[in-house]
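A short write-up of the structure that comes next.
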Amino acid sequence: MQATKKTHVRYLILFMLFLVTTINYADRATIAIAGSSLQKDLGIDAVTLGYIFSAFGWAYVAGQIPGGWLLDRFGSKNVYAFSIFTWSLFTLLQGFVGGLPVAWAIVTLFTLRFLVGFAEAPSFPGNARIVAAWFPTAERGTASAIFNSAQYFATALFAPIMGWIVFSFGWEHVFVVMGGLGILFSFVWMKTIYNPKQHPRISQSELEHIEQNGGLVDMDQKRGNDGPKWGYIKQLLTSRMLLGVYLGQYCINAITYFFLTWFPVYLVQERGMTILKAGIIASLPAICGFIGGVLGGVLSDWLLRRGNSLTFSRKLPIVCGLLLSTTMVFCNYVDAEWMVVGFMTLAFFGKGIGALGWAVVADTSPKQIAGLSGGLFNTFGNIASITTPIVIGYIISATGSFKWALVYVGANALVAVFSYLVIVGPIKRIELHETPKAEADVTANGDLASARH
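Last residue of the sequence shown? That's 461 in the numbering used here, and every number before it is there in order.
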C-alpha cells in the first residue's frame, strides 16, 4: 500500500469488471449470432433452437446460490478466475460439435451451453461484491451501471465481428475465437484483481475514502472455517422490498434475453436481412443500450448527491427507462428497416437506463452474505433466461411470426414498472438477525457471539 500518493485504483478495478462482463456477454451471444446458420446446417426447428438457447439459463439459474456461497466462502478473486476459465473452455468446445451426427450435435451443444451457464453463475454476484467492496455508496450506481452496460458494449463490439466470422468462415469458428479470448483473460484477471486492503497500488487516502463512505473493504476478510449461513436466505425471501426487486429483474432480463437470443434471428427471418447485415444492425441498439446504461447510473448517483433519497434516486431512472423500452412493440406496425432499427434502438436505450438492479443489490445486501444475496437476486432474474427463449420459440411456432413475441417482451417491461412502483417500497440495506441460539449468546457488551454447534 502506498502511504502518501493519491490513487484511483478503484477505477482500474471497475475497468476490469467492464472487460470481463464484455467477454461474458459476448460468449452468451455467440449462439445468437450463429443461431440462424446453425439452425440451417443442423436442420432444426424454432422450438428446438429455443431449447438450445435456454440451455444456458437452466444451469445459470441453478448455479446462482451455490456460486454466491462460494464467493462469500472463498472470496471474489479466485472463484471468479476459475469461472472465467471454465466458461471460456466450454465456449471453445462448442466449435467442434459440427462434426458430430445431427442428433449428437444437438445434445452436445445443449450440454455445453448448459455448462457455460453453470460456470458463469458467480460472475454477476462477483461483480456486485467487488463494487460493494471498492466503491462508496454515492459512486455505486455509476459503477454498477458501467459493469452492467458492458452487456450492450459486448453486442456493439462483437456482434459485427462475430457476424463477419460466421459469414466468412462458418458458425463453428465464432465459438473457438471467443473461447480462446476468455481463457487468456482469466490469467490477466489473476494478476490484476485484489481486495481493497491487499491491493499493492492503493493509497491510504483512497482506502480511507472508500471505507468512510460506505465501501465494505473488509468483505473478504477470513472468518474461520464457517461459510455464510444458509438460514439467512429465509430473511431475504421474506423482504417485500427484495421480492419486488426480484420480480422486476426477471422482467428486465426477459428484455435482455430477447436481444441476446432471438433478436438476430428476428432480423434474418422476419426482416429478410443477411447474417452479416444482422450482425451489424444488432450492434446499433446495443450501442444505445450502452449509452443508456451508463447514463442511468450517472443520473441515479447525481440525484443521490443532490440530496434525494436512495429510493427516489434509484427508482426514477428504472421506471422511466422501462417505460421507454416498451416502444419495441411499434415494430409490429412499420415496414421500413430504419424504423424497425429506430424503435429497437430506443427500446434498448430505455432498458439500459432502467437496468439498475445490481446497484440496488449493492445498496441493500448485508456484507456477511453479499455474494449469496446477489446470487439469489440473479436466480430470480435469470429464470427469464430459461422462459424467454422457450416462450418466444413456441409463439413463433404457433403464429409463424414475431409479432406476439414483441408484445410479450414489451409486457414484461410494464410488469417491472409495476413491481418497482407498487411492491418494492423504500430501498434500504437489509439488517440480518441471528438465529435464536446465537441471540442467547449475547456478550456483556451487547454483541452477538457466534453460536457453536
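All residues carry an ideal CB built from backbone N, CA and C; glycine is no exception.
Indicate whether residue i and residue j have their beta-carbon atoms separated by less than 8 Å.
i: Phe373; j: Ala140; result: The sequence shown places Ser at residue 373, rather than the Phe named in the question. Contact flag set, yes.
i: Trp172; j: Tyr88; result: no
i: Ser427; j: Gly256; result: yes
i: Leu324; j: Leu311; result: yes
i: Ser84; j: Ile138; result: yes
i: Phe122; j: Ala67; result: yes
i: Thr99; j: Val124; result: yes
i: Tyr258; j: Phe388; result: yes
i: Phe329; j: Gly305; result: A small correction: the amino acid at residue 329 is Gly; Phe does not occupy that position in the sequence shown. No, the pair does not count as a contact, with Cβ atoms beyond the cut-off.
i: Gly222; j: Pro144; result: yes
i: Val369; j: Ala146; result: no
When the Cα atoms are used, what is the spatial distance from residue i to residue j?
i: Leu46; j: Gly106; result: 9 Å
i: Arg209; j: Ala421; result: 43 Å
i: Leu384; j: Ile73; result: 6 Å
i: Asn233; j: Ala392; result: With a pLDDT of 48 at Asn233, under the threshold of 50, the modelled position of this residue cannot be trusted; read the value that follows with caution. Distance between the alpha carbons of Asn233 and Ala392: 35 Å.
i: Asp343; j: Ser405; result: 22 Å
i: Gly379; j: Gly408; result: 42 Å
i: Val417; j: Glu219; result: 41 Å
i: Phe351; j: Ala286; result: 16 Å
i: Lys411; j: Val348; result: 12 Å
i: Gly301; j: Phe267; result: 15 Å
i: Leu120; j: Ile169; result: 22 Å
i: Phe93; j: Tyr341; result: 44 Å
i: Ser152; j: Leu364; result: 7 Å
i: Gln102; j: Gly178; result: 13 Å
i: Met281; j: Glu128; result: 31 Å
i: Thr29; j: Trp95; result: 12 Å
i: Ala42; j: Leu25; result: 26 Å
i: Leu275; j: Gly188; result: 28 Å
i: Phe183; j: Gly75; result: 24 Å
i: Val477; j: Asp226; result: Any answer about residue 477 is impossible in this case: the structure gives the chain only from 9 up to 461.
Return the residue from the list the options that minimises the CA-CA distance to residue i.
i: Tyr59; options: Thr396, Pro434, Leu79, Gly418; result: Thr396
i: Asn86; options: Tyr202, Tyr68, Met352, Gly362; result: Tyr202
i: Ala367; options: Leu354, Lys359, Gly382, Gly358; result: Gly382
i: Glu439; options: Gly389, Val276, Asp371; result: Asp371
i: Ala37; options: Val225, Thr56, Gly83, Ser291; result: Ser291
i: Ser194; options: Cys296, Asn32, Asp53; result: Asn32
i: Gly531; options: Gly297, Pro272, Phe61; result: Missing from the structure shown is residue 531; the chain here goes from 9 to 461 and no further.
i: Arg248; options: Thr99, Ile431, Thr335; result: Ile431
i: Val415; options: Phe388, Leu215, Met336, Val349; result: Met336
i: Tyr160; options: Ile263, Thr334, Phe388; result: Ile263
i: Phe126; options: Gly71, Ile41, Ile377; result: Gly71
i: Trp270; options: Lys14, Ile394, Leu244, Val184; result: Ile394
i: Asp53; options: His441, Val425, Ile403; result: Ile403
i: Leu251; options: Ala424, Phe118, Val55; result: Ala424
i: Gly134; options: Leu79, Phe183, Gly223, Val273; result: Leu79
i: Phe320; options: Asn221, Ser176, His217, Leu307; result: Leu307
i: Lys48; options: Gln277, Leu165, Val184; result: Gln277
i: Ser333; options: Ser317, Val399, Gly362; result: Gly362
i: Arg279; options: Leu318, Thr246, Ile400, Cys339; result: Cys339
i: Thr353; options: Phe82, Ala419, Ile295, Ser317; result: Ile295
i: Pro130; options: Phe82, Gln243, Arg313; result: Phe82
Would you decide whether residue i is buried or exposed? Buried here means 16 or more other CB atoms lie within 10 Å of its CB.
i: Trp346; result: exposed
i: Pro109; result: exposed
i: Phe356; result: buried
i: Gly454; result: Its pLDDT being 41, under 50, Gly454 is placed unreliably by the model, and nothing is read from it.
i: Pro434; result: exposed
i: Leu239; result: Checking the displayed sequence, the identity of residue 239 turns out to be Gly instead of Leu. Exposed, by the Cβ-count rule.
i: His207; result: buried
i: Val253; result: buried
i: Asp309; result: buried
i: Leu192; result: exposed
i: Tyr265; result: buried
i: Leu22; result: buried
i: Thr150; result: buried
i: Glu180; result: buried
i: Thr163; result: buried
i: Gly51; result: exposed
i: Glu214; result: buried
i: His441; result: exposed
i: Arg322; result: buried
i: Leu224; result: buried
i: Ser157; result: buried
i: Arg148; result: buried
i: Arg437; result: exposed
Quick check on residue i - is its C-beta less than 8 Å from some C-beta in chain D?
i: Arg314; result: In the structure shown, chain D does not exist; there is a single protein chain.
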